[in-house]
DNA sequence: TTGCATTTTTTTTAATACGATATATTAATC
DNA sequence: GATTAATATATCGTATTAAAAAAAATGCAA
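Protein chains in written order, with my numbering: chain A, 2 to 233; chain B, 2 to 233.
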C-alpha cells in the first residue's frame with residue numbers, strides 16, 4: 002500500500018524489528034488511529050509475514066506505550082491523554098535542563114561546530130518550508146546536546162520522552178511563529194555554550210519546552226473540538 | 002480465606018508473564034549470572050512450557066535491559082557496568098529531587114501518616130534484622146512519595162531506575178551504618194513535609210542518593226576484586 | 001420490537017514441528 | 001600452527017493445531 006518499501010538495510014534486521022518500525026511509523030503518523038485494533042492474522046496477511054514477528058512487534062509497541070494490550074482480547078492503539086502529556090513534558094523539562102547542564106560541562110569545540118551545522122540545516126529547512134526536514138534537524142540539534150552530556154541513561158530516557166510526543170512534533174514545524182521562536186532559541190543556546198553562560202542557557206531550555214507545551218495543548222484542544230463536531 | 006471474598010479471585014496471568022517474572026527474579030537474585038546464555042529450548046524444557054512464552058519473556062527482559070540479545074545467536078544476561086550505574090544514579094538524583102518537590106506541593110495529611118507507618122515498619126524490620134523486609138519497606142516509603150508527586154510518567158521512570166539497581170538494594174540493608182543513616186534520613190524527610198521545609202528536604206534526598214552511590218560503588222569494587230581472585 | 005439466553009464466530013494464547021540460516025566448535029588439510 | 005571444511009547448535013520464521021475467552025449473531029418468547 003504505502004510506497005516506501007525500498008528501505009535499504011545494511012545490517013541484518015530481524016523481521017520483528019521491521020514490522021515494529023513499520024507499525025510504529027504508521028501509528029505515529031496517524032495512519033492507524035488511537036482505539037483501532039491491531040489483529041495478528043489481519044496484519045500478518047497485510048504485511049506478508051507470519052504471525053510470530055507480528056506478535057513480537059506488537060508486544061514491543063506495548064512496552065513503549067504506543068499500544069495497550071488487553072489480555073485475551075488483543076491490542077489497540079493507545080491514545081495519549083492530556084494529563085500524561087503534561088506529565089511527560091514536566092519530566093522532560095527537568096531532564097532537558099539536566100542534559101543542558103551536563104553538556105555545558107563536557108561539550109567540545111567540535112560539538113559546538115556540529116550544533117552550528119545542525120542549526121544551518123534547520124534554517125535551510127525553514128526557508129524551503131520542508132516540514133519533515135524541519136522536525137528532523139530540530140531533533141538532530143538536540144541529540145548533539147544529549148551526546149555531549151555523556152550520560153547514556155539520560156539520553157535513553159530523553160529519547161523515549163521525545164517519542165511520546167512524536168505525534169505532535171510537526172505542529173511547531175507548521176506554525177510560523179513557533180518556528181521563529183525555535184530558530185532564535187537554538188542560536189541563543191549555542192551562544193550560551195560559547196559565552197559559557199549556563200544560567201541563561203537553562204532559561205532558554207525552560208522556555209523551549211514551555212513553548213512546546215503551549216503549541217501541543219492548543220493542538221489537543223483543536224483535535225478535541227474537531228472530534229466533538231464529528232460526533233454531534 | 003473464608004471471610005474476604007474479594008481477595009480469592011486470582012487474576013488471569015499469561016504464561017509469558019509467569020516466565021518473565023520467574024526469569025527476572027532469577028537474574029536479580031543472581032541465580033543466573035551475567036554472561037550466561039538464555040536458550041529457548043533449554044528453558045522451555047526446564048520450566049515445562051513451550052518455546053513461545055519463553056521467547057516473549059526473553060524479549061521483554063531485553064526491553065528492560067536485563068538481558069542482551071544478539072541476533073541469530075541468542076540472549077545473554079546483561080552485566081551492568083559501573084559507568085551505566087553512575088549514569089542511572091545521576092538521573093535518579095535529578096528525578097528523586099523532582100519527585101520530592103512535586104510531592105511537597107501535593108502531599109496530604111493521610112499520605113504523611115502513611116509515610117510514618119512505612120517508617121515504623123522499616124524500623125521494626127531493622128530490629129528483626131529481616132533484610133528482605135528492610136528493602137521492601139524502604140521501597141514502600143519511596144513509592145508513597147512518588148504517588149504524592151502525582152506524575153505518572155515520573156513514577157514510571159523512577160520505578161524503572163530503581164529496578165536497574167535492584168541487584169544492589171540488599172547492600173545497604175546489610176550494612177549497619179547505612180541502615181542507621183537510612184532511618185535518620187527517612188524521619189528527617191517526613192519532618193520536612195510537616196515543617197514545610199523543602200530546602201532541607203532536597204538536601205536530604207541528595208544525601209540519600211549519594212549514600213547509595215557510595216555503598217554500591219564499594220560493593221562493585223568488592224565484586225571486581227573477588228572475580229579477579231577467581232580468575233587468577 | 002425488546003430482552004434474554006444460546007450458539008457461532010473470531011481472536012488470542014499456547015504448543016509443536018519443520019526448514020532455513022547464522023554462529024560456534026571441531027576436525028582436517030596444507 | 002594457521003587456515004579451511006565439516007559438523008553441531010540455536011535462533012528465526014512459517015505453518016498448523018487446540019483451547020480459552022470474548023464478541024457477534026442468532027433464535028425465541030413476551
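Glycine residues also receive a C-beta, built at the ideal position from the N, C-alpha and C atoms.
Only a predicted model underlies this, so the values are computations on that prediction, with no experimental measurement involved.
Alpha-carbon spacing of residue i relative to residue j, whole angstroms
i, j, result
"residue 134 of chain A", "residue 213 of chain B", "44 Å"
"residue 74 of chain B", "residue 40 of chain B", "10 Å"
"residue 204 of chain B", "residue 199 of chain A", "22 Å"
"residue 234 of chain B", "residue 217 of chain A", "As shown, chain B starts at 2 and ends at 233. That puts residue 234 of chain B outside it, with no answer to give."
"residue 222 of chain B", "residue 23 of chain B", "28 Å"
"residue 164 of chain A", "residue 129 of chain B", "46 Å"
"residue 69 of chain A", "residue 63 of chain A", "6 Å"
"residue 42 of chain A", "residue 50 of chain A", "10 Å"
"residue 17 of chain A", "residue 72 of chain B", "11 Å"
"residue 57 of chain B", "residue 37 of chain B", "18 Å"
"residue 136 of chain B", "residue 196 of chain B", "27 Å"
"residue 160 of chain A", "residue 144 of chain A", "8 Å"
"residue 151 of chain B", "residue 46 of chain A", "43 Å"
"residue 110 of chain B", "residue 179 of chain B", "28 Å"
"residue 201 of chain A", "residue 194 of chain A", "10 Å"
Option in the options with minimal Cα separation from residue i
i, options, result
"residue 115 of chain A", "A/206, A/70, A/146 and A/182", "A/146"
"residue 92 of chain B", "A/158, A/211 and A/191", "A/158"
"residue 224 of chain B", "B/83, B/174 and B/141", "B/83"
"residue 118 of chain B", "B/25, B/53 and B/142", "B/142"
"residue 182 of chain B", "B/160, B/127 and B/162", "B/127"
"residue 170 of chain B", "B/59, B/76 and B/138", "B/138"
"residue 244 of chain A", "A/21, A/31 and A/61", "Limits of chain A in this structure are 2 at one end and 233 at the other, which puts residue 244 of chain A out of reach."
8 Å Cβ cutoff, residue i in contact with chain B
i, result
"residue 92 of chain A", "yes"
"residue 207 of chain A", "no"
"residue 22 of chain A", "no"
"residue 134 of chain A", "no"
"residue 223 of chain A", "no"
"residue 57 of chain A", "yes"
"residue 44 of chain A", "no"
"residue 95 of chain A", "yes"
"residue 19 of chain A", "no"
"residue 64 of chain A", "yes"
"residue 217 of chain A", "no"
"residue 158 of chain A", "yes"
"residue 29 of chain A", "no"
"residue 85 of chain A", "yes"
Near the ligand COA: residue i beta-carbon under 7 Å from a heavy atom
i, result
"residue 217 of chain B", "Absence of the ligand COA from the depicted structure is noted, as is the absence of any ligand whatsoever, leaving it without description."
Proximity test, Cβ basis, 8 Å: residue i and chain A
i, result
"residue 153 of chain B", "yes"
"residue 204 of chain B", "no"
"residue 170 of chain B", "no"
"residue 72 of chain B", "yes"
"residue 99 of chain B", "yes"
"residue 220 of chain B", "no"
"residue 89 of chain B", "yes"
"residue 60 of chain B", "yes"
"residue 15 of chain B", "yes"
CB of residue i within 8 Å of CB of residue j, strictly
i, j, result
"residue 106 of chain A", "residue 207 of chain A", "no"
"residue 168 of chain B", "residue 29 of chain B", "yes"
"residue 35 of chain A", "residue 66 of chain A", "no"
"residue 210 of chain A", "residue 94 of chain A", "yes"
"residue 184 of chain B", "residue 124 of chain B", "yes"
"residue 149 of chain B", "residue 189 of chain B", "no"
"residue 96 of chain B", "residue 155 of chain B", "yes"
"residue 85 of chain B", "residue 153 of chain A", "yes"
"residue 186 of chain B", "residue 220 of chain B", "no"
"residue 78 of chain B", "residue 108 of chain B", "no"
"residue 76 of chain B", "residue 55 of chain B", "no"
"residue 174 of chain B", "residue 132 of chain B", "yes"
Residue(s) in a DSSP beta bridge with residue i
i, result
"residue 77 of chain B", "B/38 and B/69"
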